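A short worksheet on the structure shown next.
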Amino acid sequence: MKVHPQEIEARFRRHAVRVTRQRAAIYAALTETTSHPTAEDLYRTVKRQQPLMSRNTVYYTLGVLRQAGLVREVNVGHHVARFDGNVTAHHHLICLGCSRIMDVMDDGLNQLALSHRQARGFQVLGHRVEFHGYCAECQHAQENVMKRRE
Ligand SMILES: [Zn+2]
Ligand SMILES: [Zn+2]
4 MKVHPQEIEA RFRRHAVRVT RQRAAIYAAL TETTSHPTAE DLYRTVKRQQ
54 PLMSRNTVYY TLGVLRQAGL VREVNVGHHV ARFDGNVTAH HHLICLGCSR
104 IMDVMDDGLN QLALSHRQAR GFQVLGHRVE FHGYCAECQH AQENVMKRRE
């Protein structure tokens with residue numbers, strides 16, 4: 004979802020993040036995609052518009068934005084962190100084949116809750132559901148491999 008530059012500034016201010024052109028560009032790039040890119044992916048995207056952008060700036064900025072709660076790190080159990088510019092309640096489909104991450108919006112999942120006993124005194128602030136498996140493309144590729152073997 005494309006976020007207006009003025010709205011980006013307003014969000015940064017609300018979250019006490021100093022506004023710079025480079026930071027705004029990184030945040031804009033992240034909110035414009037639903038691919039949950041790695042820091043490296045983002046660096047490559049942003050560098051096309053801002054040739055002076057350094058890899059360090061991208062990594063550092065992602066840290067600042069994550070701390071401020073403006074972006075989310077998606078922990079997929081892969082060794083490379085993936086980032087999400089969408090911090091509203093949603094869940095993920097994660098492909099074990101190609102590491103693709105897709106968003107799942109579902110009110111039922113948002114409303115999942117633990118009983119008092121299950122929570123064991125834990126103060127729950129939120130939850131994220133991850134579905135693991137194989138995307139349509141990976142299943143299709145696998146089918147083709149099987150066919151060739153027959
Ligand atoms: Zn896949
Ligand atoms: Zn997401």
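So for the sequence shown, my numbering puts the first residue at 4; every next one is plus one.
Glycine included, C-beta positions come from ideal geometry on N, C-alpha and C.
Keep in mind that this is a model prediction, so the values were computed, not measured.
Quiz item: Given 8 Å as the limit, is there contact between the stretch 66 to 76 and the stretch 11 to 24, that is, 3 or more CB pairs closer than that?
Solution: yes
Quiz item: Per DSSP, what kind of secondary structure is H95 in: helix, strand or coil?
Solution: Within the sequence shown, the letter at position 92 stands for residue 95. Note: H95 maps to strand in three-state DSSP.
Quiz item: Taking any heavy atom of ligand 1 as the mark, which residues have a C-beta closer than 6 Å to it, listed down the chain?
Solution: C98, G100, C101, R103, Y137, C138, E140, C141
Exercise. Go through the stretch 85 to 138 residue by residue and report every complete run of the alpha helix (DSSP H) that reaches 4 residues or more, in order.
Key: 110 to 113, 119 to 122
Quiz prompt | Sequence-distant residues of the same chain with beta carbon closer than 8 Å to N89, five excluded per side | solution = Numbered from its first residue, the sequence shown carries residue 89 at position 86. Excluding sequence neighbours, N89 sits near M4, T34, T37, R75, D106.
Quiz item: CB-CB under 8 Å to T41, same chain, minus the five flanking residues each way: which ones, in chain order?
Solution: In the sequence shown, the residue the question calls residue 41 occupies position 38. If we look at T41 and ignore the five residues flanking it on each side, its Cβ neighbours are V83, A84, R85, F86.
Exercise. Note down, in chain order, each residue of its chain lying with its Cβ closer than 6 Å to the Cβ of V6, except the 5 sequence neighbours on either side.
Key: In the sequence shown, residue 6 corresponds to position 3, counting from 1. Counting only Cβ-Cβ distances below 6 Å, and skipping sequence neighbours, we find T34.
Quiz prompt | V77 versus R151 - alpha carbon distance | solution = Stepping through the sequence shown from its first residue, residue 77 is reached at position 74. Stepping through the sequence shown from its first residue, residue 151 is reached at position 148. Approximately 36 Å between the Cα atoms of the pair.
Self-check item: Residue interval of the beta strand (DSSP E) (run including V77)
Solution: Numbered from its first residue, the sequence shown carries residue 77 at position 74. Where V77 is concerned, the enclosing beta strand (DSSP E) stretches over 75 to 77.
Quiz item: Near ligand 2, which residues have their beta-carbon less than 6 Å from any of its heavy atoms, given in chain order?
Solution: H39, D87, N89, H93, H95, D106
Quiz prompt | For L128 and Q53, the rounded distance between their alpha carbons | solution = Counted from its first residue, the sequence shown places residue 53 at position 50. Counted from its first residue, the sequence shown places residue 128 at position 125. Q53 and L128: Cα-Cα distance of roughly 37 Å.
Quiz item: So what does DSSP say about T41, is it helix, strand or coil?
Solution: Here residue 41 refers to the residue found at position 38 when the sequence shown is read from its first residue. Here T41 sits in strand by DSSP.
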